[in-house]
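Residue numbers (our numbering): 392 to 943. No residue lacks a Cβ here, since even glycine has one placed at the ideal position from N, Cα and C. Small disclaimer: the values here were computed from a predicted structure and weren't measured.
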RNA sequence: GGCCCGUUGGUCAAGCGGUUAAGACUCCGGCCUCUCACGCCGGCGACGGGAGUUCGAUUCUCCCACGGGUCACCA
């Protein structure tokens with residue numbers, strides 16, 4: 392067989408040599424130890440937590456080392472592509488603060504190693520495909536879907552490994568040049584297959600997260616180019632990561648099983664393998680469908696688990712910083728320790744390391760996320776909270792966005808309530824919940840939630856509020872204010888010390904807890920709220936008097 | 001089924017031959033306190049099973065069980 396003639400027959404339009412392409416994408420000039428990483432999502436329209444999870448690893452590795460982080464769109468499957476998916480993806484990455492140095496952007500590609508969308512790289516893949524054909528390492532295969540199906544059934548029946556290999560590949564592997572030409576002239580579609588070596592052998596792949604992985608070498612004549620001339624993931628991965636000079640390939644563990652194909656190709660093309668980092672799958676706890684009593688750990692599913700979609704975090708108003716902190720705690724086992732030691736530092740200062748990565752699948756624990764959220768937002772200053780909250784509201788809660796813009800001073804003051812002491816309050820978890828929690832600060836959203844009658848009878852209520860208003864001086868400091876409250880409490884026959892009331896309830900009409908709860912309910916609509924004196928000062932004298940007067 | 005990867009409390013996890021087996025979240029007590037939070041103190045709770053190597057295995061080896069992944073012209 393004249394492989395050069397075959398290559399020419401298959402790829403008549405390809406004139407470039409591999410060296411020409413190599414010359415277009417020279418080695419990057421980067422400092423020693425710099426990592427070049429990427430994410431390569433396929434544009435299906437659904438961006439999930441796992442995409443972010445891997446993106447964060449790549450971003451940290453690259454930017455911590457002075458390297459490059461880029462976005463490559465893996466759109467080789469035209470059947471799955473969804474309109475607008477690339478934009479959705481880019482927006483999501485932007486919302487979560489993942490910044491790329493090069494790659495696909497909203498307005499085209501950026502960077503010297505593109506194009507960064509695989510469909511646009513067809514010409515590049517063909518150069519290497521032709522080269523493989525010339526060397527007798529790849530061949531056209533004219534097997535139809537039905538023929539392949541028949542082979543698979545036969546293999547199943549014989550309990551053999553499925554796939555096109557060995558004897559099952561003979562028919563197309565050794566077609567003569569004339570036969571190939573006849574098939575092509577007849578318009579028969581063909582795919583380009585890799586001509587695998589059947590010699591059994593073990594391969595060893597070093598994975599930076601998992602260590603050495605031992606596998607049997609590839610023996611399958613897997614597809615390099617589909618009948619539309621677009622490469623499969625495997626071929627595209629090898630060519631792209633080589634030419635784009637990736638140093639680390641970070642991807643989900645579901646790719647481990649295709650490793651033999653990838654090392655085979657790197658070898659065949661004479662290229663050095665990148666370092667592989669196969670990450671754990673995100674899991675979720677659920678009840679078993681067979682036995683509702685049984686709890687099972689399973690892979691997060693797109694269909695059943697809304698929290699898998701990044702869009703969920705946006706909609707719920709979970710801050711990007713919270714998601715980062717959460718993912719970082721899952722990703723690096725020493726993150727929380729570091730965070731406790733460095734409460735003020737930005738998570739960008741955390742020295743991320745692959746060695747500390749967890750191997751087994753982490754469970755997405757919403758309780759943990761809530762806890763991290765309270766801490767993270769609790770650490771932010773009022774202005775930062777205000778800005779982030781407002782930007783979320785602008786998209787998801789227009790009414791509140793308007794309020795925040797109308798009362799910036801009051802909002803900022805409200806966000807500082809309970810923040811002065813050594814033990815600052817941590818009231819806000821999400822921007823959505825903040826709208827709820829903070830609603831009493833604005834007349835527009837203020838509404839009574841707890842029942843005043845649970846604290847005292849109507850007559851006592853009236854009497855109390857009348858007395859309180861009579862002596863109320865908005866200028867009082869916290870101590871002076873509370874002295875007055877205690878005085879009224881005593882006058883009205885309520886226990887000033889809750890413990891006294893607890894001990895001898897029959898001696899009092901109630902305790903200061905009832906009194907202050909009445910104030911809270913009048914002021915905030917609820918019995919559980921932050922410090923009354925502070926809240927009063929955020930609201931301002933007019934609102935305080937107005938809300939209290941209703942009860943007097 | 002073949003081939004891979006994995007297995008420490010309910011969850012996330014330290015551990016890398018000798019430890020009273022860290023810590024965080026959840027839950028439960030208690031303290032603080034004008035409520036709620038916050039904070040602090042305390043408690044419940046774990047090395048999947050079996051062989052072997054060793055003076056000694058959570059740690060090393062093998063087998064099994066369980067969980068997960070993958071076996072496409074999908075990524």
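In the structure shown, the three-state DSSP call for residue 723 is strand.
Taking C-beta atoms under 8 Å as the contact rule, residue 718 and residue 903 fail to qualify, at a distance of about 46 Å. With fewer than 16 neighbouring CB atoms inside 10 Å of its own CB, residue 392 falls in the exposed class. Taking the CA atoms as reference points, residue 779 sits about 17 Å from residue 482. The three-state reading of DSSP puts residue 429 in strand, counting E and B together. Take residue 801, set aside five residues on each side of it, and the residues of its chain with a beta-carbon closer than 7 Å to its own are 832, 929, in chain order. Of the other Cβ atoms in all chains shown, fewer than 16 fall within 10 Å of the Cβ of residue 603; this residue is therefore exposed. In summary, residue 671 is buried, with 16 or more beta-carbon neighbours lying within 10 Å of its beta-carbon over all protein chains present. A Cβ-Cβ distance of about 7 Å is found for the pair residue 421 and residue 457, placing them in contact under the 8 Å criterion.
By the C-beta criterion, the stretch 486-502 is judged not to be in contact with the stretch 514-531, since fewer than 3 inter-stretch pairs fall below 8 Å.
Put simply, the stretch 728-748 does not touch the stretch 782-793. Fewer than three CB pairs are less than 8 Å apart. Nearest Cα to residue 924 within the set 884, 912, 868, 416: 868. For residue 746, the closest C-alpha among the options 762, 724, 731, 763 is that of 724. Using a Cβ distance threshold of 8 Å, residue 912 and residue 834 do not count as a contacting pair.
In the displayed model, residue 470 falls within coil according to three-state DSSP, outside both helix and strand.
Contact between the stretch 810-823 and the stretch 760-778 is present: three or more C-beta pairs spanning the two stretches fall below 8 Å. If you look at residue 414, you'll find it in the alpha helix (DSSP H) that goes 409-415. Looking at the DSSP output, residue 598 shares a beta bridge with 602, 667.
The criterion of a C-beta distance shorter than 8 Å is satisfied by residue 613 and residue 652. Nearest Cα to residue 777 within the set 862, 760, 805, 476: 805. For residue 568 against residue 401, the beta-carbon gap comes to about 11 Å, at or over 8 Å, which does not count as contact.
The straight-line gap separating the alpha-carbon atoms of residue 633 and residue 416 is approximately 10 Å.
Boundaries of the alpha helix (DSSP H) around residue 801: 799-806. Beta-carbon to beta-carbon, residue 615 and residue 585 are separated by about 5 Å, close enough to satisfy the 8 Å threshold. Annotation for residue 880: 887, 903, 906 place their beta carbon closer than 7 Å to its own, counting only its chain and skipping 5 residues before and after. The C-beta distance from residue 711 to residue 487 rounds to 5 Å, short enough to meet the 8 Å contact threshold. By the criterion of a C-beta distance shorter than 7 Å, residue 828 is surrounded in its chain by 818, 819, once the five residues flanking it on both sides are discounted. Pairing residue 729 with residue 473, the inter-Cα distance amounts to about 41 Å. For residue 583, the beta-bridge partners assigned by DSSP are 531, 616. About 23 Å separates the CB atoms of residue 841 and residue 761; that is not less than 8 Å, and the two are not in contact. Under the three-state reduction of DSSP output, residue 850 falls in the helix class.
At a Cβ-Cβ threshold of 8 Å, residue 521 and residue 398 count as neighbours. Here the alpha carbon of residue 626 sits roughly 23 Å from the alpha carbon of residue 562. Per DSSP, reduced to three states, the secondary structure at residue 622 is strand. With a threshold of 16 other beta carbon atoms within 10 Å, residue 731 falls short and is exposed.
Residue state for residue 673 is assigned as coil, using DSSP reduced to three classes.
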